[in-house]
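Residue numbers (the numbering used here), protein chains in the order written: chain A, 1 to 336; chain B, 1001 to 1130.
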């Protein structure tokens, strides 16, 4: 019996929210309708004034959580180190920002924050006392394109192991387990003139069991040159952009996760396109959940729909339907 | 990828003050998925009928009360441009847009911390001024 629990990241419904088709309360109602216990938030997205919201805003949020009886799983935070044009924020400044995020997460009712990829590992030790005081764990996102082998993530992982605290861990994004390049992305770039031969080349890399980062020898973040036959297919800026974005999908063997299982706090259930058969087009969820079950993972998987990026101009994003299908798929493989 | 959020439909209008048309205004949503301080807006470019508007004629505001030049906005780090809320963009040009149809282009980008490049979008709309 699987111990995995289901959640939804409100990121999935960002378009419905931005275009005012759904209010925050409507979104909570939908989580009840779809039988989703857990909520993941991006406070900068749906909490006005975050990380310093008014007391009234915090009360409004907590009332919704209570009224609809949801579990708060994770708040996704960002350190705005590019706040100023003429310099990057110092580590000291970034530490203060992180502390404010920890306190805000606590006030909103969370005991876990997700740190975005490339968050500086030097923030961890100085923020640890605040994390302990407010009982908020900090977990770096392991995201495709900046996964286990990238330089920034590597430094964080070493620091995490060195500090060995229950308040420091990782959030794994399922986009690191792509077996196929998302076809919604291919369709999106086609309208701007993407060379189909280039897209075929990338699809073939995945079909061969690899991914562009691995195939091009760029896994550690170094800009190794493209192979000659690939470079010849880049005919315009759209092709170049597509090639760059293709490195944002990884085909990581599940086994690479094993040594980090003790640090795994949460999982982003990435989906780009839920098919009519209620499967994710790129990511093998059945096998992934079997693997996680075999390692005894008992945390949440939060649906994170990202196909919203690839909706054609003036077409309507259907985050709700993708969330619904993704949850049905999770129920099937988790067993409840 | 955020083109759908750029240049809110029907938002382009001439602006009157003290009985005079002082310019025109456009609204846009953020080309990103969360709210950020105004100082992280990287670029705002406007064009009318293929002619670019000079940068110093552009003002931006979150509430239509306090307006900033693009240079000033680089230091406006305590005002947050909320996700799903408009940024108001004014082009100060006496007389505004002339009567008739115009192709107005808006291009905007923000620079989030962990992105290798600014995240932006653009859109041109055919605008009718009566």
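Cβ atoms here follow ideal geometry from the backbone N, Cα and C, with glycine treated the same way. Owing to the predicted nature of the structure, the values given are computational and were not obtained by experimental measurement.
Legend entry - Nearest to residue 1062 of chain B (by Cα), restricted to the options B/1051, B/1072, B/1079, B/1049: For this step, residue 1062 of chain B is matched to residue 62 along the second chain. Sorting B/1051, B/1072, B/1079, B/1049 by C-alpha distance to the C-alpha of residue 1062 of chain B places B/1079 at the top.
Legend entry - Range covered by the alpha helix (DSSP H) that runs through residue 137 of chain A: Stepping through the first chain from its first residue, residue 137 of chain A is reached at position 137. Here residue 137 of chain A belongs to no alpha helix (DSSP H); instead the beta strand (DSSP E) covers 137 to 142.
Legend entry - 8 Å Cβ cutoff, residue 18 of chain A in contact with chain B: One-based indexing of the first chain puts residue 18 of chain A at position 18. Yes - at least one Cβ of chain B is within 8 Å of the one on residue 18 of chain A.
Inset, instruction - Show which residues of chain A have a CB atom less than 7 Å away from the CB atom of residue 1080 of chain B. - result: Against the second chain, residue 1080 of chain B aligns to sequence position 80. Those within 7 Å of residue 1080 of chain B in chain A are 49.
Legend entry - In DSSP terms, what residue 1081 of chain B is bridged to: Here residue 1081 of chain B refers to the residue found at position 81 of the second chain. Looking at the DSSP assignment, residue 1081 of chain B forms a beta bridge with B/1036.
Inset, instruction - To the nearest angstrom, report how far apart residue 335 of chain A and residue 111 of chain A are at their CA atoms. - result: Position 335 of the first chain, counted from the first residue, corresponds to residue 335 of chain A. Position 111 of the first chain, counted from the first residue, corresponds to residue 111 of chain A. CA-CA distance, residue 335 of chain A to residue 111 of chain A, rounds to 26 Å.
Legend entry - Contact set between residue 1077 of chain B and chain A, taken where Cβ atoms lie within less than 9 Å: Locating residue 1077 of chain B in the second chain gives position 77, where the first residue counts as 1. Near residue 1077 of chain B (Cβ distances below 9 Å), the residues of chain A are 80, 83, 84.
Inset, instruction - State yes or no: is the beta carbon of residue 117 of chain A nearer than 8 Å to at least one beta carbon in chain B? - result: Taking the first chain and counting its residues from 1, one reaches residue 117 of chain A at position 117. It does; some Cβ of chain B falls within 8 Å.
Legend entry - Contact the segment 178 to 185 of chain A vs the segment 273 to 284 of chain A: 3+ CB pairs below 8 Å: yes
Legend entry - Simplified DSSP state of residue 1068 of chain B, which is helix, strand or coil: Residue numbering aside, residue 1068 of chain B sits at position 68 when the second chain is read from its first letter. Of the three classes helix, strand and coil, the one that applies to residue 1068 of chain B here is strand, per DSSP.
Inset, instruction - With a threshold of 16 other CB atoms inside 10 Å of the CB of residue 23 of chain A, please say whether the residue is buried or exposed. - result: Working through the first chain from its first residue, we reach residue 23 of chain A at position 23. Answer is exposed; the Cβ neighbour count stays below 16.
Inset, instruction - Please indicate yes or no: does the CB of residue 1091 of chain B lie closer than 7 Å to some heavy atom of the ligand COA? - result: As for the ligand COA, it is missing from this structure, which has no ligand bound.
Legend entry - Sub-8 Å separation of residue 297 of chain A and residue 160 of chain A beta-carbons: Along the first chain, one-based indexing puts residue 297 of chain A at 297. Along the first chain, one-based indexing puts residue 160 of chain A at 160. It is not a contact, given that the beta carbons lie outside the stated cut-off.
Legend entry - Cβ neighbours of residue 217 of chain A in the same chain (closer than 7 Å, five flanking residues each side left out): As a first step, residue 217 of chain A must be located in the first chain, where it is residue number 217. Correct list, in chain order: 224.
Inset, instruction - Kindly provide the ranges of any beta strand (DSSP E) runs that are 3 or more residues long and lie completely inside the segment 89 to 116 of chain A, ordered along the chain. - result: 112 to 115
Inset, instruction - Within the segment 230 to 276 of chain A, note down every full beta strand (DSSP E) run reaching 3 residues or more, in order along the chain. - result: 264 to 271
Legend entry - Candidates A/67, A/85, A/197: closest to residue 29 of chain A by CA position: Position 29 of the first chain, counting from 1, holds the residue named residue 29 of chain A. Looking at the Cα atoms, A/67 is the closest of the given residues.
Inset, instruction - Measure the CB-CB distance between residue 302 of chain A and residue 269 of chain A and report whether it falls below 8 Å. - result: Here residue 302 of chain A corresponds to residue number 302 of the first chain, with the count starting at 1. Here residue 269 of chain A corresponds to residue number 269 of the first chain, with the count starting at 1. Yes, the Cβ-Cβ distance between residue 302 of chain A and residue 269 of chain A is below 8 Å.
Inset, instruction - For residue 191 of chain A, decide whether its Cβ has a neighbour in chain B, counting only Cβ atoms nearer than 8 Å. - result: As a working note, residue 191 of chain A is residue 191 in the first chain. So no, residue 191 of chain A is outside the interface.
Inset, instruction - Starting from the beta carbon of residue 14 of chain A, find every residue of chain B whose beta carbon is closer than 7 Å, and list them in chain order. - result: For the purposes of this step, residue 14 of chain A is taken as residue 14 along the first chain, with counting starting at 1. Identification of chain B residues near residue 14 of chain A by a Cβ-Cβ cut-off of 7 Å yields 1033, ordered along the chain.
Inset, instruction - Tell me residue 130 of chain A's beta-bridge partners as DSSP assigns them. - result: In the first chain, the residue the question calls residue 130 of chain A occupies position 130. According to DSSP, residue 130 of chain A bridges with nothing at all.
Inset, instruction - Classify residue 205 of chain A as helix, strand or coil using the three-state DSSP reduction. - result: Here residue 205 of chain A refers to the residue found at position 205 of the first chain. Three-state DSSP puts residue 205 of chain A in a helix.
Inset, instruction - Consult DSSP for residue 193 of chain A and reduce its assignment to one of helix, strand or coil. - result: Taking the first chain and counting its residues from 1, the one referred to as residue 193 of chain A is at position 193. Three-state result, residue 193 of chain A: coil.
Inset, instruction - Have a look at residue 163 of chain A and residue 1037 of chain B and give me their C-alpha separation to the nearest angstrom. - result: Your numbering for residue 163 of chain A matches position 163 in the first chain. Your numbering for residue 1037 of chain B matches position 37 in the second chain. If you take the alpha carbons of residue 163 of chain A and residue 1037 of chain B, they lie about 32 Å apart.
Legend entry - Proximal chain A residues relative to residue 1074 of chain B, where beta-carbon distance stays under 9 Å: Mapped onto the second chain, residue 1074 of chain B falls at position 74. Here the neighbours are 84, 85, 86.
Inset, instruction - With a threshold of 16 other CB atoms inside 10 Å of the CB of residue 299 of chain A, please say whether the residue is buried or exposed. - result: Here residue 299 of chain A corresponds to residue number 299 of the first chain, with the count starting at 1. Buried, by the Cβ-count rule.
Inset, instruction - Go through the segment 1102 to 1128 of chain B residue by residue and report every complete run of the beta strand (DSSP E) that reaches 3 residues or more, in order. - result: none
Legend entry - Straight-line gap, residue 1070 of chain B to residue 1052 of chain B (C-alpha atoms, nearest Å): In the second chain, residue 1070 of chain B corresponds to position 70, counting from 1. In the second chain, residue 1052 of chain B corresponds to position 52, counting from 1. Their backbone Cα atoms lie some 15 Å apart in a straight line.
Inset, instruction - Anything in the segment 1099 to 1118 of chain B with a Cβ closer than 8 Å to a Cβ of chain A? List those residues in chain order, please. - result: 1111, 1112, 1113, 1114
Legend entry - chain B within 8 Å of residue 313 of chain A, Cβ atoms only: Counting from 1 along the first chain, the entry for residue 313 of chain A is found at position 313. With 8 Å as the cut-off, residue 313 of chain A counts as an interface residue toward chain B.
Legend entry - Outcome for residue 228 of chain A when other beta-carbon atoms lying within 10 angstroms are tallied against a minimum of 16: Along the first chain, read from residue 1 onward, the residue named residue 228 of chain A stands at position 228. Exposed, since its Cβ has fewer than 16 Cβ neighbours within 10 Å.
Inset, instruction - Would you decide whether residue 255 of chain A is buried or exposed? Buried here means 16 or more other CB atoms lie within 10 Å of its CB. - result: Position 255 of the first chain, counted from the start, is the residue given in the question as residue 255 of chain A. So residue 255 of chain A counts as exposed.
Legend entry - Residues from the segment 1048 to 1074 of chain B in contact with chain A, defined by Cβ distance under 8 Å: Taking 8 Å as the upper bound on Cβ-Cβ separation, chain A lies near residues 1074 of the segment 1048 to 1074 of chain B.
Inset, instruction - Please name the residue in A/212, A/194, A/219, A/133 whose C-alpha comes closest to that of residue 152 of chain A. - result: By 1-based counting over the first chain, the position of residue 152 of chain A is 152. Cα-wise, what sits closest to residue 152 of chain A is A/219.
Legend entry - residue 275 of chain A versus residue 1 of chain A: straight-line alpha-carbon distance, rounded: Here residue 275 of chain A refers to the residue found at position 275 when the first chain is read from its first residue. Here residue 1 of chain A refers to the residue found at position 1 when the first chain is read from its first residue. Spanning the two alpha carbons is a distance of roughly 26 Å.
Inset, instruction - Answer yes or no: does any C-beta atom of chain A fall closer than 8 Å to that of residue 1039 of chain B? - result: The residue labelled residue 1039 of chain B in the question sits at position 39 within the second chain. By this cut-off, residue 1039 of chain B is an interface position.
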